[in-house]
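Number of protein chains: 2
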Amino acid sequence: MFSIGELSKRTKVKIPTIRYYEEMGLLAEAERTSGNQRRYDNDGLERLSFIRHARDLGFSIEAITSLIELQDHPDRSCEAATYIASSQLADVRAKIKRLKLLEKELTRISKGCDGRGVSEDCYVLAALADHELCDRDH
Amino acid sequence: MFSIGELSKRTKVKIPTIRYYEEMGLLAEAERTSGNQRRYDNDGLERLSFIRHARDLGFSIEAITSLIELQDHPDRSCEAATYIASSQLADVRAKIKRLKLLEKELTRISKGCDGRGVSEDCYVLAALADHELCDRDH
DNA sequence: CTTGAACCTCTAGTCACTAGAGATTGTAGA
DNA sequence: TCTACAATCTCTAGTGACTAGAGGTTCAAG
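Sequences listed follow chains H and A, in order. Counting along the first sequence from 1, when you hit position 28 you're at 28 in UniProt numbering, and nothing is skipped either side. Counting along the second sequence from 1, when you hit position 88 you're at 88 in UniProt numbering, and nothing is skipped either side.
Right, dumping it as structure tokens:
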């Protein structure tokens, strides 16, 4: 049995965040000492690691809640879990695509006034003002 | 002179968002009719387009505030603006890098239980629970 | 002059935390 | 056993960039 601070250190999840997860129902309510402090065991550690990993992968709290529910009801859980993971993957791919477009345009914009003589107007500001200069929509 | 609804239509920025930008000081306070409704001219339209474009590119409200200040004080504005744009670009590139790692891992996870026979435990959940399976840290 | 769409302000909610105040508890050393 | 102080507790409020809704007012077409 260990304290919230210990759990925090082991999982690298900040203390207020742990309490927040508990409040949100992601984490079961922890046992308490007679003095009302939380105590955790290995189960709590594993569950929090799971949550942390899923958050790192960009799953929303809502999605994680679903995944946890699936863990507790193993019937059909595999298909549902795969579905959630695939949606997440599609989401990530869409974000990458969009960011690449942004990268392209920002590269163009940033190159405006490099080492060479600075013209009267700032190219960066002009580029931002004039959407027509963009190669594509966004 | 046109109304906030008209401005919204032309810029594709929602009405409450326009008011929010005004409140944040991004947009100058609009002129008002005798009945207290906002009226905009071409200047307002251009400034909002600028803001919208910058937001689309992921610039924060804070960064846009700086860019707008630069527009009003053209001395040295070019270097400063280029700096802001470059930071933004670095940020975007970092995000892309991170998302690509996530994509890789999610692909691996999603492939767990495809069409073939569903095993006893869900691979997706197991993969999420066990960080050790990851190729890299995140 | 009437009607109803569009506008106004204000408050509160979203997501996933984070920060701080003020009080209580746990624990190591004397 | 006492003391000191680090760690914990609950609670409220703040973050960024909006979004939603209530309840009231104004504009413009017919």
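Glycine included, each C-beta is placed from N, C-alpha and C at the ideal position.
Under 7 angstroms by beta carbon: chain A residues contacting residue i
| i | result |
| --- | --- |
| K95 of chain H | L99 |
Interface flag, residue i vs chain H, CB-CB below 7 angstroms
| i | result |
| --- | --- |
| L7 of chain A | no |
| H53 of chain A | yes |
| I18 of chain A | no |
| R10 of chain A | no |
| L26 of chain A | no |
| V118 of chain A | Because V118 of chain A sits at a pLDDT of 45, beneath the cut-off of 50, its placement in the model cannot be relied upon, and the following sentence gives the value as read from the coordinates. At least one chain H Cβ lies under 7 angstroms of V118 of chain A. |
| K14 of chain A | no |
| L89 of chain A | yes |
Beta-carbon neighbours of residue i, restricted to chain H and to distances below 7 angstroms
| i | result |
| --- | --- |
| I109 of chain A | A85 |
Per-residue contacts from residue i into chain H (C-beta, under 9 angstroms)
| i | result |
| --- | --- |
| E22 of chain A | Per Cβ cutoff of 9 angstroms: no residues; E22 of chain A is ~19 angstroms from chain H at best. |
| L67 of chain A | V124, L125, L128 |
Span of the alpha helix (DSSP H) around residue i
| i | result |
| --- | --- |
| K9 of chain A | 4–11 |
| A54 of chain H | 42–56 |
| Q71 of chain A | 61–72 |
| A129 of chain A | 123–129 |
| E23 of chain A | 15–23 |
Within 7 angstroms, strictly: CB atoms of residue i and residue j
| i | j | result |
| --- | --- | --- |
| L106 of chain H | Q71 of chain A | no |
| F50 of chain H | L128 of chain A | yes |
| I4 of chain H | R55 of chain H | no |
| A85 of chain A | S110 of chain H | yes |
| L48 of chain A | T11 of chain A | yes |
| S52 of chain H | V13 of chain H | According to the sequence provided, residue 52 of chain H is Arg. The question's Ser does not apply to it. In contact: R52 of chain H and V13 of chain H (Cβ atoms closer than 7 angstroms). |
| L27 of chain H | Y20 of chain H | no |
| A81 of chain H | L125 of chain A | yes |
| L7 of chain A | Y40 of chain A | yes |
| K95 of chain H | L45 of chain A | no |
| C122 of chain A | C78 of chain H | yes |
Interface partners of residue i on chain H, CB under 8 angstroms
| i | result |
| --- | --- |
| V92 of chain A | L99, L102, E103, L106 |
| E29 of chain A | Within 8 angstroms Cβ-Cβ: nothing; E29 of chain A doesn't reach chain H, min ~21 angstroms. |
7 angstroms Cβ cutoff, residue i in contact with chain A
| i | result |
| --- | --- |
| F50 of chain H | yes |
| A63 of chain H | no |
| Q71 of chain H | yes |
| M1 of chain H | no |
Where residue i meets chain A, residues with beta-carbon distance less than 9 angstroms
| i | result |
| --- | --- |
| G58 of chain H | L99, L102, L106 |
Residue i CB to nearest heavy atom of the ligand GDP below 6 angstroms
| i | result |
| --- | --- |
| Q37 of chain A | Looking at this structure, you won't find the ligand GDP or any other ligand, since it has none at all. |
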